[in-house]
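S.K.: Mind having a look at this structure? Questions to follow.
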Amino acid sequence: MAVWVSSIITFNFPRSDYNVGVKRYGLLAFLVIFSSLSILSYPNRIEALEETVTEQELREESLSFKPRKRELLRIKKIAIDPGHGGRDFGAKSRNLFLEKEFTHRLATALKKTIEDQNGRRVSVILTRTGRNDTDQYKRAFAANSSEAHVYLSLHTASGYDQSSRDLGIYLSEKGTLKAGSDSWKDINRKYSAYNAVLAGMFRKNLDGFYEHKKFFIRRGKFIPLFGIDMPGVLIEVIALNDPKDELMINEEEFYEKLAQVLYAALVDYDQTL
Ligand SMILES: [Zn+2]
935 MAVWVSSIIT FNFPRSDYNV GVKRYGLLAF LVIFSSLSIL SYPNRIEALE
985 ETVTEQELRE ESLSFKPRKR ELLRIKKIAI DPGHGGRDFG AKSRNLFLEK
1035 EFTHRLATAL KKTIEDQNGR RVSVILTRTG RNDTDQYKRA FAANSSEAHV
1085 YLSLHTASGY DQSSRDLGIY LSEKGTLKAG SDSWKDINRK YSAYNAVLAG
1135 MFRKNLDGFY EHKKFFIRRG KFIPLFGIDM PGVLIEVIAL NDPKDELMIN
1185 EEEFYEKLAQ VLYAALVDYD QTL
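Positions 935 to 1207 (the numbering used here) are the ones given, in order, by the sequence shown.
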């Protein structure tokens, strides 16, 4: 440093011009002191920019993030089925949180998410709006008569064995209806290809949502899909018997986040139509 400073001084200060030399000396001295101070304080500035981000901060920041709007282009009506209701309370958690309450709360959050993103262009109906008993025939009638383009039946996993903590996406059986078949229950079969795409989109979006869970896809005869005359799936979105899941069900943010993930799957499906 000393050699560098003195070489600049000797190079720039001709002895014959004293006044200019003084001015230059002053300016150079200022630059030398300023740059030395900058160099000396530089590592400290870098340190000041660095700070460890805690899990808590990361979570708060990501919760405050507002994703850009993603509108539905082809789907104009959606039927959401909050599983169970009335005297049929479905599964229950250890602390007696009921499936019928959970599905209704999530359905309401999903309805709000869809409306926030699309305004009046897309309408959403719930197959049960209150605490009433609603049988499958009434649910199918409500969805079909609304001419919805897609049907989503929300449920939770239940049971007491470990394996039931993984979550399922369920589809109607494959295969065409027999000619003249009057079984209203089997009508959803004819949407087999759409149902498969829809289920794939839900699994793709939901897979990263829980770090401790996997989603499987299964076909069969499932009552909540009986009589549904449009593409539709049944999803177990949480396991009420899993203590880890039970920790989340009282947080409003959890419902909003889950609704956003379900909505993202609907947007992905919409883009394939
Ligand atoms: Zn259920």
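Don't be surprised by glycine CBs; every beta carbon is placed ideally from N, CA and C.
This one's a predicted model, so the numbers in the text were calculated from it and none came from an experiment.
Would you say phenylalanine 1150 and isoleucine 1103 are within 9 Å of each other, going by their C-beta atoms?
M.R.: Yes, the pair counts as a contact, with Cβ atoms nearer than the cut-off.
S.K.: In chain order, what residues of the same chain lie with their CB nearer than 6 Å to the CB of leucine 1086, ignoring the 5 residues before and after it?
M.R.: The answer, listed in chain order, is Ile1014.
S.K.: Under 6 Å Cβ to Cβ from glutamine 1070, same chain only, skipping five residues before and after it: list those, please.
M.R.: The answer, listed in chain order, is Ile1157, Phe1160.
S.K.: Answer yes if the region 1159-1179 comes into contact with the region 1074-1093, meaning at least three C-beta pairs across the two stretches below 8 Å, and no otherwise.
M.R.: The region 1074-1093 vs the region 1159-1179: in contact.
S.K.: Are the beta-carbon atoms belonging to proline 1165 and leucine 1132 less than 9 Å from one another?
M.R.: It is a contact, given that the beta carbons lie within the stated cut-off.
S.K.: Measuring CB to CB, does leucine 1111 end up less than 9 Å from alanine 1130?
M.R.: Going by C-beta atoms, leucine 1111 is not nearer than 9 Å to alanine 1130.
S.K.: Considering only DSSP beta bridges, list what lysine 1026 is partnered with.
M.R.: Partner(s): Leu1032.
S.K.: Confirm the yes/no value for this check: CB of serine 1092, any heavy atom of ligand 1, distance under 8 Å.
M.R.: Yes, ligand 1 has a heavy atom inside 8 Å of this Cβ.
S.K.: In chain order, which beta strand (DSSP E) runs of at least 3 residues are fully inside the region 1079-1149?
M.R.: As far as the region 1079-1149 is concerned, its whole beta strand (DSSP E) runs of at least 3 residues are 1084-1091, 1101-1106.
S.K.: I'd like the span of the beta strand (DSSP E) that includes glutamate 1011, first residue to last.
M.R.: Here residue 1011 turns out to be lysine, not glutamate, going by the sequence shown. Counting along the chain, the beta strand (DSSP E) containing lysine 1011 begins and ends at 1011-1016.
S.K.: Below 9 Å between beta carbons: does that hold for threonine 1037 and glycine 1017?
M.R.: In contact: threonine 1037 and glycine 1017 (Cβ atoms closer than 9 Å).
S.K.: Does the beta-carbon of glutamate 1275, which I'm using as the reference point, lie nearer than 8 Å to any heavy atom of ligand 1?
M.R.: Nothing in the structure corresponds to residue 1275, since the chain is present only between 935 and 1207.
S.K.: For threonine 1206, count the other beta carbons within 10 Å of its own beta carbon; 16 or more makes it buried, fewer makes it exposed. Which is it?
M.R.: So threonine 1206 counts as exposed.
S.K.: Relative to ligand 1, is the shortest distance from any of its heavy atoms to the C-beta of alanine 1041 smaller than 8 Å?
M.R.: No, the beta carbon of alanine 1041 sits no closer than 8 Å to any heavy atom of ligand 1.
S.K.: Quick one: complete alpha helix (DSSP H) runs, 4+ long, within the region 1168-1206?
M.R.: Correct list: 1177-1180, 1186-1206.
S.K.: Do the CB positions of tyrosine 1197 and threonine 1047 come within less than 9 Å of each other?
M.R.: The answer is yes: Cβ separation under 9 Å.
S.K.: Can you give me the start and stop residues for the alpha helix (DSSP H) that leucine 997 sits inside?
M.R.: First-last of the alpha helix (DSSP H) with leucine 997: 989-998.
S.K.: For the beta strand (DSSP E) containing isoleucine 1059, name the first residue and the last one.
M.R.: Looking at the DSSP string, the run of the beta strand (DSSP E) that includes isoleucine 1059 is 1057-1060.
S.K.: By Cβ distance below 6 Å, which residues in the same chain neighbour phenylalanine 1031 in space, the five residues on each side in sequence not counted?
M.R.: Answer for phenylalanine 1031: Ile1183, listed in chain order.
S.K.: Quick one: grab the DSSP three-state call for arginine 1008.
M.R.: Residue state, collapsed to three classes: coil.
S.K.: Using DSSP with H/G/I as helix, E/B as strand and the rest coil, what is arginine 1021?
M.R.: Here arginine 1021 sits in coil by DSSP.
S.K.: Applying the 10 Å Cβ sphere with the 16-neighbour rule, what's the burial state of valine 1084?
M.R.: Buried, by the Cβ-count rule.
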